[in-house]
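Heads up: the sequence shown begins at 14 in my numbering, then just goes up one per residue.
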Amino acid sequence: MEKTNSRAHPRNGGRDASGAEFVTDPATARLLATFDELASRTSTDQPNKKLVEACRGALMDNDSARRSRNFGLLLEVARAEDAPAIHKMFADLNEEGRAFDEYKNFAMRWGMVDPIGAMKFLQTQHKNCIIPRADLKALAFGWGKVDPDAALKWMDGNSAEAERSGGRTAVVDGWLKTDPVSAAGWITANAGKLDPNTYVECVRMAFSGQIFAGSTDLASAASWLSALPDDEISNAAQHAWGNVQWALKQLPYEKSADLWAKVGSEPWMGFGQFVEFSAFSSNNNVANGGLGDFLDALGKTWPEDKITAQFERWSTSDPEEAMEWLGEAPSTPVTKAAIRGLVKTLEQTDPAAAANWNAKLAE
14 MEKTNSRAHP
24 RNGGRDASGA
34 EFVTDPATAR
44 LLATFDELAS
54 RTSTDQPNKK
64 LVEACRGALM
74 DNDSARRSRN
84 FGLLLEVARA
94 EDAPAIHKMF
104 ADLNEEGRAF
114 DEYKNFAMRW
124 GMVDPIGAMK
134 FLQTQHKNCI
144 IPRADLKALA
154 FGWGKVDPDA
164 ALKWMDGNSA
174 EAERSGGRTA
184 VVDGWLKTDP
194 VSAAGWITAN
204 AGKLDPNTYV
214 ECVRMAFSGQ
224 IFAGSTDLAS
234 AASWLSALPD
244 DEISNAAQHA
254 WGNVQWALKQ
264 LPYEKSADLW
274 AKVGSEPWMG
284 FGQFVEFSAF
294 SSNNNVANGG
304 LGDFLDALGK
314 TWPEDKITAQ
324 FERWSTSDPE
334 EAMEWLGEAP
344 STPVTKAAIR
354 GLVKTLEQTD
364 PAAAANWNAK
374 LAE
């Protein structure tokens, strides 16, 4: 008699292959056990009524975390044919006084399986055929995950709608979730074509997307940021760095130093950000040597001539702030290079102070 894998598939009389048996939450386990049946109840051009019913059932759960999880699982099997019926389900619930944030996740899924159909359908549902901003952004996000080229082409052909709803930004955001490197490359290549607000937001999302993506390392993300064209109008790179710097608090000295070396000499980098990053890197949970050890590590990655040039620039705008920090910082090759930059500024504005700081270099 031929042996079979008893766990291979429930249709073969084996144990549940959906993974339900390994899930501790009873409601989620029951849902997973029905997935094979839900996916099989499909016919072309007709909505899957069982799926729509299951979606409604998942929403009728006052445990918000489980509701979002279970509804999200159901969306994975939703097709273009199912979307209008699921939309109607949400509309009916809304009329009952039950509005759910999960509609956004549904709209994202709709954008993945039938973006053009979704746009046309929603235009018929709203006054003046205008799709609500939030809905269009969610659709664009989903579309960007699966076909960013087509999505961006649609945005170009519907520029008024795209600008009103931030459609291009949403497409890029979705694209970043599936291919952050290609999406970041597109942003770089199209920097001059995007309006300033869209460009700033895209750069912020791209840097964040690379920081949190397993396909890129931190240093590569920082290198991408530093390679962007100089942009004094929108300061997109500076905005992106400041927005994401909080996520870099717990890095070991060497990684912090390597990361900073990629961006520390950029003209958009401010002295306040250097002080803040140094404090993060010197006082986090994996640091035990304080500021001195961080600066020692930084001296191995940030060239002294660049340190001097950057501190000369920083001290030109605010010499008192630079002197205060250097007066308290431990003596390291980094601080000495920084003092040389301060002295270059003071020689033009305060020769006596410059002489005093030069004396410190000789100590």
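A virtual CB, placed ideally from N, CA and C, is assigned to each residue, including glycine.
Taking 8 Å as the limit between beta carbons, can you name the residues of its chain near residue i, skipping five residues before and five after?
i    : result
Q136 : C142, I143 and I144
P193 : A219, G222, Q223, A226, S228 and T229
D58  : E94
If you drop the 5 nearest sequence neighbours on each side, which residues of the same chain put their C-beta closer than 7 Å to that of residue i?
i    : result
A183 : K150, A153, F154 and G157
P39  : none
W281 : N248, A250 and Q251
M14  : Model confidence at M14 stands at a pLDDT of 37, short of 50, so the residue's coordinates are unreliable and nothing is read from them.
T191 : K158
A260 : I224
W167 : none
L88  : N118, F119 and R122
V276 : A235, L238, S239, W254 and M282
When you compare the CB positions of residue i and residue j, do they come within less than 7 Å of one another, or not?
i    : j    : result
V185 : A196 : yes
G93  : V65  : Checking the displayed sequence, the identity of residue 93 turns out to be Ala instead of Gly. Cβ distance not < 7 Å, so A93 and V65 don't count as in contact.
A372 : L359 : no
A310 : E267 : yes
P161 : W188 : yes
I320 : V347 : yes
R69  : M121 : no
L272 : A300 : no
Just to check my reading of the structure: residue i and residue j have Cβ atoms closer than 8 Å, yes? What is that Cβ distance to the nearest angstrom?
i    : j    : result
A250 : W315 : With 8 Å as the limit, A250 and W315 do not qualify as a contact, their Cβ atoms being about 18 Å apart.
S239 : E176 : The Cβ separation is near 29 Å, so there is no contact.
L308 : P343 : 7 Å
F284 : Q258 : Not confirmed; about 14 Å, so no contact.
L72  : E115 : 6 Å
W237 : Q286 : That pair is no contact at about 18 Å.
Return the chain-ordered list of same chain residues with a C-beta closer than 6 Å to the C-beta of residue i, the five sequence neighbours on each side being excluded.
i    : result
F324 : A351, G354 and L355
S269 : S294
P60  : E94, D95 and A98
D74  : R80
G110 : none
L86  : none
A52  : V90
Let me check one thing: in DSSP terms, what residues is residue i bridge-paired to?
i   : result
S59 : Strictly speaking, residue 59 in this sequence is Gln, with Ser absent from that position. DSSP lists S56 as partners of Q59.
If we require 4 or more residues per run, which alpha helix (DSSP H) segments fall completely within the region 201-258?
209-224, 231-240 and 249-257
Unbroken stretches of the alpha helix (DSSP H), 4 residues or longer, contained in the region 254-305:
266-276 and 284-296
Runs of beta strand (DSSP E) lying entirely within the region 310-359, each at least 3 residues, in chain order
none
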